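Worksheet: one structure, shown below.
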Amino acid sequence: MKKGLKITAITLGALLLLMLILPFAFRGKIESIVKTEGNKMLNAQFDFGSLDISLFRNFPKASVTLNDFWLRGVGEFEKDTLVQAGEVTAAINLFSLFGDSGYDISKVQITDTRLHAIVLTDGRPNWDVMKPDSTVTDTAEESSSSPFKIQLQQFVIKNMNLIYDDRQANMYADIRNLNALCSGDLGSDRTTLQLEAETEALTYKMNGIPFLSNANIYAKMDVDADLANNKYTLKENEFRLNAIKAGIDGWVALKDPAIDIDLKLNTNEVGFKEILSLIPAIYAKDFEGLKTEGIATLSADIKGTMVGDSIVPQFNVAMTVKDAMFRYPSLPAGVDQININAEIKNPGGAIDLTTVSIRPFSFRLAGNPFSVTAEIKTPISDPDFHAEAKGVLNLGMIKQVYPLEDMELNGTINADMQLAGKMSYIEKEQYERVQASGTIGLTSMKLKMKDMPDIDIHKSLFTFTPKYLQLSETTVNIGKNDLTADSRFENYLGYALKGTTLKGTLNIRSNHLNLNDFMTATADTTTQVATTPADSISGIIEVPRNIDFQMDANLKEVLFDKMAFTNMNGKLVVKDGKVDMKNLSMNTMGGNVVMNGYYSTADVKKPEMNAGFKLNGLSFAQTYKELDMVQQLAPIFENLKGNFSGSMKIQTILDAAMSPVLETMQGNGSLSTKDLSLSGVKVIDQIAEAVNKPDLKEMKVKDMTLDFTIKDGRVATQPFDIKLGDYVMNLSGSTGLDQTIDYSGKIKLPASAGDLAKLTTLDLKIGGSFTSPKVSIDTKSMANQAVEAVADKAISELGKKLGLDSAATNNKEDLKEAVKEKAAEKALDFLKKKLK
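Just so we're aligned: the sequence shown equals residues 37 to 872 in my numbering.
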């Protein structure tokens, strides 16, 4: 007995040891198979961080797990990651690795996955990554000899975030935290699939209109799957959209290239409260305690054949609500007399036969009725629309029917408008065939929210005509900021309905506008959005391409970053993704600036500024304090005491913070100054020390003109003169982004300089950096200069003084060479003594 137990224990131990060792033995083979077969099948880039094998996780199958898996497209989609998964696991029959009948996979699980699906405007999707088959024959041969044999019995998704961005159809869907399970024998001709899925939040938009916002969706169903004929019949199932619970009866059959459908929504348990759950703001707050009354019905069915995007089956979705109301128990009032009759239908065939009808959507708030009706026909070829809105909304009463918490809202909206016509009328500017009339007025509107400046609109009136939308003079206070605007917009219907260009004039006035208040709010929003899957988020202000505005600005005070502007006036032209600034004048940095140029986001990833500036009386110190660009390119401004004028042109790319990318900056200009104090400037202090003239440290420059260019990250100046009392210094050179200095110069010496004056000039070299400049005197150059300045008639006399023989002094050319050699030697000795 003991011997048998011992043998059994040894056998089990050996088996366990083999189960631990075998995965390491097969890891290299399986990793090679995955990469080889992946590259055979995919026209894309893919890789993974590591590959693990376990014989315990899905025993008796082996579990092959890819960690940190990603799949990225090629060509235009090269920078778009289609799939990024924390873990992809497949259960595989380990012994199938040794045979030639294929690799037997029975389960796939994907965990912590981000999927970003994109359809370009030309219809190309980024998920078309499978390599095309060359011929049908080849396909059949490859299929018969394919190394993979999928006997899938279970497919699991855990924590998937999915974005679907269809830029051709203008559709966008965002699915958060999707968990799904599909089980069944997918290797047989017929099976029962058991499906269960739930997403925490689903947002769906079409043409910019949100149809669902953060909706919670759950589905559980059994599907009779005829895999041989691709027909799927729904059996027992449950479907939930927020609080709406329903069942679905019918079937779907896949017939390439068509799909046959016969489905009907079973909504016996749906009431008005459940329909209210479709409104995100209501569903998110105290929904369980909400009291409702009224009759509601919801129905939906679809039957027929669908072929691509052109042919759709007959479908009908209808919702009615009669004499309903809702009220929060904790609040004093509710919303009543709610009536809704909405329907979307198509008789089957062309999608252009779809009609949308809302007749009406009406309610009463605080005794004030409000009603909206709308109808749309032929939405694809030529939208034929009719809409009306009429009523009064007392915003101050909302807090009595809805828990606003940290928000205060007041004011009145009075609407009375009608709109009817066809899109083709607007496109052809046949405004006489369009009915558009009425007004929307705002009175005493105030909004207070936590961590946001208060918003106050005293009065505003929108007037509608077929041709234009008029905004009468409107003053808006946002915190301490005020903005007064009046405008007239043409083609507003085409802009709103089809995204065509909005044209108009806009006049803006303000007494105080602190742009930093709005940039802070933007930054906070960016921080919140940063956790969402997105290609990129930045602070770049994008100029819309479909806006054509003529704007006049009169702004008394504008604050931006560390800069302050007063009396800003000028004309702005906004068109084709670009803002042209014409004679934009402003007082800033102690003087006045006039700007002409443009800011463009034609390439939104590389916004560009190209502008010319006229500068008058700007302070060196203030310019340094307020402009980061000056701090990097000309930090010497910090200690200069005085003002400057001139002009400059700059062209540069801007970064995500709307600051110049200095490496891309190109420009030129000319600056002039008078009565400039150089006290405290390190370079001047060192020059004064180099020439043994301490008085120069406190000298003032009476007149100076500086011509410069900016290129490849360096500011280069043409030779310019600085008058330091009786001394004249001529400098030229460049400074860089790294604040290095590379200058050379000459100081013209006055007669009062003593023995040095005989040399006429001192030659300087200025290097190092602005924080640690290095000034040196080029004595050798000065010695050569002294020799070249000697007149021919003095050569002989100079030769004698230098101790040369008569033969050398009689030959002028030989004498020159000898004099240079001796003179340089004597001059260097002289300079070294004088410049100690």
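Beta carbons are placed, not taken as given, at the ideal position from N, Cα and C, and that holds for glycine. Here the structure is a predicted model, which means the values were calculated and not measured.
My output table needs one value for V751: the three-state DSSP class, helix, strand or coil.
For the purposes of this step, residue 751 is identified with residue 715 of the sequence shown, where counting begins at 1. The answer is strand: DSSP assigns V751 an E or B state.
Say the cut is 6 Å; is the CB of D778 nearer than that to a heavy atom of the ligand FMN?
Looking at this structure, you won't find the ligand FMN or any other ligand, since it has none at all.
Consult DSSP for A369 and reduce its assignment to one of helix, strand or coil.
Position 333 of the sequence shown, counted from the start, is the residue given in the question as residue 369. Residue state, collapsed to three classes: coil.
Could you name the residues of the same chain whose beta carbon sits closer than 6 Å to that of Q145, not counting the 5 residues immediately before and after it, in chain order?
In the sequence shown, the residue the question calls residue 145 occupies position 109. Contacts found: T125 and V192.
How long is the line joining the alpha carbons of I777 and G627, rounded to whole angstroms?
Working through the sequence shown from its first residue, we reach residue 777 at position 741. Working through the sequence shown from its first residue, we reach residue 627 at position 591. Near 28 Å, if we compare the C-alpha coordinates of G627 and I777.
Could you pull the DSSP bridge partners for M701 from this structure?
As a first step, residue 701 must be located in the sequence shown, where it is residue number 665. M701 pairs with nothing; no bridge assigned.
Do you know whose CA, among L270, G613 and N278, lies nearest N252's CA?
Here residue 252 corresponds to residue number 216 of the sequence shown, with the count starting at 1. Between N252 and the set L270, G613 and N278, the nearest pair of CA atoms involves N278.
Is the beta carbon of T709 closer than 7 Å to that of M740?
Along the sequence shown, read from residue 1 onward, the residue named residue 740 stands at position 704. Along the sequence shown, read from residue 1 onward, the residue named residue 709 stands at position 673. Yes; because the gap between Cβ atoms is below 7 Å, this pair is in contact.
DSSP three-state label for N103, please.
The count along the sequence shown starts at 1 and reaches residue 103 at position 67. Of the three classes helix, strand and coil, the one that applies to N103 here is strand, per DSSP.
Starting from the C-beta of Y208, find all residues in its chain whose C-beta is less than 6 Å away, skip the five residues before and the five after it, and write them out in chain order.
For the purposes of this step, residue 208 is identified with residue 172 of the sequence shown, where counting begins at 1. D201 and K241, listed in sequence order.
E112 to W287, Cα distance in whole Å?
For the purposes of this step, residue 112 is taken as the residue at position 76 of the sequence shown. For the purposes of this step, residue 287 is taken as the residue at position 251 of the sequence shown. Their Cα atoms are separated by approximately 38 Å.
In chain order, what residues of the same chain lie with their CB nearer than 6 Å to the CB of K650, ignoring the 5 residues before and after it?
Stepping through the sequence shown from its first residue, residue 650 is reached at position 614. Taken in chain order, the residues that qualify are V630 and S683.
For a minimum of 3 consecutive residues, which ranges assigned as the beta strand (DSSP E) are wholly contained in the segment 388-425?
391-401 and 404-413
How would you label L290, buried or exposed, when you count the other beta carbons within 10 angstroms and need 16 or more for buried?
Position 254 of the sequence shown, counted from the start, is the residue given in the question as residue 290. The residue is exposed, with fewer than 16 neighbouring Cβ atoms inside 10 Å.
Looking at the structure shown, is P502 part of a helix, part of a strand, or coil, going by DSSP?
Along the sequence shown, read from residue 1 onward, the residue named residue 502 stands at position 466. P502 carries a coil assignment under DSSP once its states are collapsed to helix, strand and coil.
Compare the C-alpha of D225 against each of K611, Y528 and A261 and name the closest.
Along the sequence shown, read from residue 1 onward, the residue named residue 225 stands at position 189. When each option's Cα is compared against that of D225, the closest is A261.
Within its chain, find whatever has a CB closer than 7 Å to the CB of M485; leave out the 5 residues flanking it on each side and keep chain order.
Taking the first residue of the sequence shown as position 1, residue 485 is located at position 449. Excluding positions up to five away in sequence, the list reads D442 and M443.
Which term fits A566, buried or exposed, when burial requires 16 or more other beta carbons within 10 angstroms of its beta carbon?
Taking the first residue of the sequence shown as position 1, residue 566 is located at position 530. Confidence at A566 is low in this model, with a pLDDT of 34, below 50, so its placement is unreliable and the value that follows should be read with caution. Answer is exposed; the Cβ neighbour count stays below 16.
Measure from the alpha carbon of S99 to the alpha carbon of each residue in F105, R108, D296 and I89, then state which is nearest.
Walking along the sequence shown from the start, residue 99 turns up at place 63. Residue I89 is the option with its Cα nearest to S99.
Nearest to Q471 by CA position, among L507, N517, S417 and E424, is which residue?
As a position in the sequence shown, residue 471 is number 435, starting the count at 1. Ranking the options by Cα distance to Q471, first place goes to E424.
Give the list of continuous beta strand (DSSP E) stretches no shorter than 3 residues that lie fully inside the segment 507-543.
Here the runs fully enclosed are 517-526.
Please state if the CB of K256 and the CB of E232 are separated by a distance shorter than 7 Å.
Counting from one through the sequence shown, the residue named residue 232 turns up at place 196. Counting from one through the sequence shown, the residue named residue 256 turns up at place 220. The answer is yes: Cβ separation under 7 Å.
Just checking my contact of D337 with L389 at CB under 8 Å: how many whole Å lie between their CB atoms?
The residue labelled residue 337 in the question sits at position 301 within the sequence shown. The residue labelled residue 389 in the question sits at position 353 within the sequence shown. Incorrect: roughly 16 Å between the Cβ atoms, too far for contact.
State buried or exposed for S655, treating a residue as buried only when at least 16 other CB atoms are found within 10 Å of its CB.
Taking the sequence shown and counting its residues from 1, one reaches residue 655 at position 619. Its Cβ being crowded by 16 or more others within 10 Å, S655 is buried.
For L773, tell me which candidate among P696, G540 and D799 has the shortest Cα-Cα distance.
Here residue 773 corresponds to residue number 737 of the sequence shown, with the count starting at 1. When P696, G540 and D799 are compared, the shortest CA-CA separation from L773 is found for P696.
Taking C-alpha atoms, which residue in Q506, L519, T303 and G535 lies nearest to E526?
Start at 1 with the first residue of the sequence shown, and residue 526 comes out as number 490. It is Q506 whose Cα lies nearest to the Cα of E526.
Should the segment 594-610 be regarded as contacting the segment 658-665, the criterion being three or more beta carbon pairs within less than 8 Å?
Enough Cβ pairs lie closer than 8 Å, so yes.
Which class does M166 belong to by DSSP, given the choice of helix, strand or coil?
For this step, residue 166 is matched to residue 130 along the sequence shown. DSSP places M166 in strand when its eight states are reduced to three.
Thinking A657 and L669 are a contact (beta carbons under 8 Å), I'd like their distance in whole angstroms, please.
Counted from its first residue, the sequence shown places residue 657 at position 621. Counted from its first residue, the sequence shown places residue 669 at position 633. The Cβ separation is near 16 Å, so there is no contact.
Per DSSP, D799 is paired with what?
Start at 1 with the first residue of the sequence shown, and residue 799 comes out as number 763. In DSSP, D799 forms a bridge with K782.
Reducing DSSP to helix, strand and coil, say where A205 ends up.
Taking the sequence shown and counting its residues from 1, the one referred to as residue 205 is at position 169. Residue state, collapsed to three classes: coil.
Counting only runs of 3+ residues fully inside the segment 195-265, write out the beta strand (DSSP E) ranges in chain order.
Here the runs fully enclosed are 207-219, 226-242 and 245-262.
P293: buried (16+ other C-beta within 10 angstroms of its C-beta) or exposed?
In the sequence shown, the residue the question calls residue 293 occupies position 257. Exposed, since its Cβ has fewer than 16 Cβ neighbours within 10 Å.
Is S768 closer than 7 Å to K801 when the C-beta atoms are compared?
If you number the sequence shown from 1, residue 801 lands on position 765. If you number the sequence shown from 1, residue 768 lands on position 732. Contact flag unset, no.
Nearest to M453 by CA position, among S407, K413, D418 and R545, is which residue?
Residue 453 sits at position 417 when you count from the first residue of the sequence shown. Closest option to M453, Cα to Cα, is S407.
Can Q230 and D258 be called in contact, C-beta distance under 7 Å?
Taking the first residue of the sequence shown as 1, we reach residue 230 at position 194. Taking the first residue of the sequence shown as 1, we reach residue 258 at position 222. Yes, they are a contact pair.
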